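Student: Counting in the working numbering, the sequence shown runs from 3 upward without gaps. Pasting a structure here, questions to come.
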Amino acid sequence: MTQSAPVSVTVGRASPGALLELLKPITWFPPMWAFLCGWVSAGPGTAPTAWALLAGIALTGPLVCGASQIVNDWFDKDVDALNEPHRPIPSGRVPGNTALHFAVIWTVIAQAWALMLGTWVAAATCLGLLLAWAYSAPPLRLKLNGWWGNSAVGLSYEGLAWITGAAIVLGGKLPPSPIVMIALLYSIGAHGIMTLNDFKSVHGDLRMGIRSLPAQLGREKAAKVACVFMLIPQLCVVALLLHWQLVLCAAAVSSSVLAQLLAMRRLLSDPERLAPWYNATGVSLYVAGMMATAVGLGGWFT
Numbered sequence: 003m004t005q006s007a008p009v010s011v012t013v014g015r016a017s018p019g020a021l022l023e024l025l026k027p028i029t030w031f032p033p034m035w036a037f038l039c040g041w042v043s044a045g046p047g048t049a050p051t052a053w054a055l056l057a058g059i060a061l062t063g064p065l066v067c068g069a070s071q072i073v074n075d076w077f078d079k080d081v082d083a084l085n086e087p088h089r090p091i092p093s094g095r096v097p098g099n100t101a102l103h104f105a106v107i108w109t110v111i112a113q114a115w116a117l118m119l120g121t122w123v124a125a126a127t128c129l130g131l132l133l134a135w136a137y138s139a140p141p142l143r144l145k146l147n148g149w150w151g152n153s154a155v156g157l158s159y160e161g162l163a164w165i166t167g168a169a170i171v172l173g174g175k176l177p178p179s180p181i182v183m184i185a186l187l188y189s190i191g192a193h194g195i196m197t198l199n200d201f202k203s204v205h206g207d208l209r210m211g212i213r214s215l216p217a218q219l220g221r222e223k224a225a226k227v228a229c230v231f232m233l234i235p236q237l238c239v240v241a242l243l244l245h246w247q248l249v250l251c252a253a254a255v256s257s258s259v260l261a262q263l264l265a266m267r268r269l270l271s272d273p274e275r276l277a278p279w280y281n282a283t284g285v286s287l288y289v290a291g292m293m294a295t296a297v298g299l300g301g302w303f304t
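Listed below in structure tokens is the structure:
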């Protein structure tokens, strides 16, 4: 009797609900938003089909981001068995090597999907998937160090998704350099967002030897570093918009940055308590600035 329960879990099948839980739909918004910013930044000059829009949203959210979540859960299964035993893999709801097989299959599907959407869409997707595996899987396991891990996530969730959106509008071609520059700047800013997101798990990170920035630097210094990472790229964006004579959009992004400065001042007074608050306020201002920038790049009001 004592042996029967583990055996039934091992040979059982994962339910569709458990597999969907591995995909973590709640995490899909950031790359889908960046994709839409890329789409808008390419301008109204071309008219891609509604199919292309939906295909791109599916690529950046459920497929690429979803694949990264499955990979992360598989390689974190031992940690989750201690800290979150209710999760699909440690609980046995996704038994055996099912999650690993799911991760590989989903990765292949994502890349095949991208190939249908153009050369540079496929290239951006390939890099994003490589970063997803490098983030979670040995030997690199970039997530063990906040400097590298947050850089990988920022590039995948913001920059590559943005470039993907623009590339689809442009028929799979590489977007022009202004779009690529802006996408990379917002990727750098996302490093700071990821640092603040790590505040919620700092105690577990310290126990498990994960060198997130709050674990490495302490909460106060990590919060300051996060603010610098978010501010400097946005100031560069404003400068570029002014250089390109997109004055109204530069003013909109500047207003967002000023509001973020006020929120940052409050955040730094008590980073541990206020990090979740900032994630709901300051980050919302950040992503609003992304869309304002995209509208300017796309020349929607000229």
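Glycine included, C-beta positions come from ideal geometry on N, C-alpha and C. Given the structure is predicted, the values throughout are model-derived calculations rather than measurements.
Beta-carbon within less than 6 Å of Gly-194's beta-carbon, same chain only, minus the 5 sequence neighbours each way: which residues are those?
Tutor: Taken in chain order, the residues that qualify are Ala-228, Phe-231, Met-232.
Student: Determine the extent of the alpha helix (DSSP H) in which Glu-23 is found, giving its start and end residues.
Tutor: Where Glu-23 is concerned, the enclosing alpha helix (DSSP H) stretches over 18-25.
Student: Is it right to say Phe-31 is buried, meaning 16 or more other beta carbons lie within 10 angstroms of its own, or is it exposed?
Tutor: Classification for Phe-31: exposed.
Student: Assuming Met-232 is part of the alpha helix (DSSP H), what are its boundary residues?
Tutor: Looking at the DSSP string, the run of the alpha helix (DSSP H) that includes Met-232 is 221-245.
Student: Give the secondary structure of Arg-95 by DSSP, where H, G and I count as helix, E and B as strand, and everything else as coil.
Tutor: Three-state result, Arg-95: coil.
Student: Kindly indicate which three-state DSSP category Arg-268 falls into: helix, strand or coil?
Tutor: In the structure shown, Arg-268 sits in a helix (DSSP, three-state: H, G or I).
Student: Can you tell me whether Pro-18 is buried or exposed, with buried defined as 16 or more other CB within 10 angstroms of its CB?
Tutor: Flag for Pro-18 reads exposed.
Student: Ordered along the chain, which non-local residues of its own chain (more than five positions away) have a Cβ less than 6 Å from that of Thr-121?
Tutor: Within the same chain, Thr-121 has close Cβ partners Gly-174.
Student: Taking all protein chains shown into account, do 16 or more other C-beta atoms lie within 10 angstroms of the C-beta of Arg-95, making it buried, or fewer, making it exposed?
Tutor: Under this definition Arg-95 is a buried residue.
Student: Which residues bound the alpha helix (DSSP H) around Glu-160?
Tutor: Counting along the chain, Glu-160 falls outside any alpha helix (DSSP H), and DSSP gives it neither H nor E.
Student: For Arg-267, is the classification buried or exposed, using 16 other Cβ atoms within 10 angstroms of its Cβ as the cut-off for buried?
Tutor: With fewer than 16 Cβ atoms within 10 Å of its Cβ, Arg-267 is classed as exposed.
Student: So what does DSSP say about Val-11, is it helix, strand or coil?
Tutor: With a pLDDT of 42 at Val-11, under the threshold of 50, the modelled position of that residue is not reliable, and the figure given next carries that caveat. In this structure, Val-11 counts as helix in the three-state DSSP scheme.
Student: Going by DSSP, name the residue or residues bridged to Asn-147.
Tutor: Paired residues: Arg-213.
Student: Assign Glu-274 to one of two classes, buried (16 or more other C-beta atoms within 10 Å of its C-beta) or exposed (fewer than that).
Tutor: Exposed: under 16 other Cβ atoms inside 10 Å.
Student: Considering Phe-77, what are the terminal residues of the alpha helix (DSSP H) in which it resides?
Tutor: 68-77 is the extent of the alpha helix (DSSP H) around Phe-77.
Student: Please state the DSSP three-state secondary structure of Ser-6.
Tutor: Here the model assigns Ser-6 a pLDDT of 37, short of 50, so the residue's position is not dependable and the matter cannot be decided.
Student: Taking the CB atoms as reference points, tell me whether Pro-46 and Trp-302 lie closer together than 9 Å.
Tutor: Cβ atoms of Pro-46 and Trp-302: closer than 9 Å.
Student: Keeping to the same chain, check which residues put their C-beta closer than 6 Å to that of Asn-1; ignore five residues upstream and five downstream.
Tutor: No answer is possible for residue 1: it lies beyond the span of the chain, which begins at 3 and ends at 304.
Student: Looking at Trp-76 and Gly-112, is the spacing between their C-beta atoms short of 9 Å?
Tutor: Note on residue identity: the sequence assigns Ala, not Gly, to residue 112. Cβ atoms of Ala-112 and Trp-76: not closer than 9 Å.
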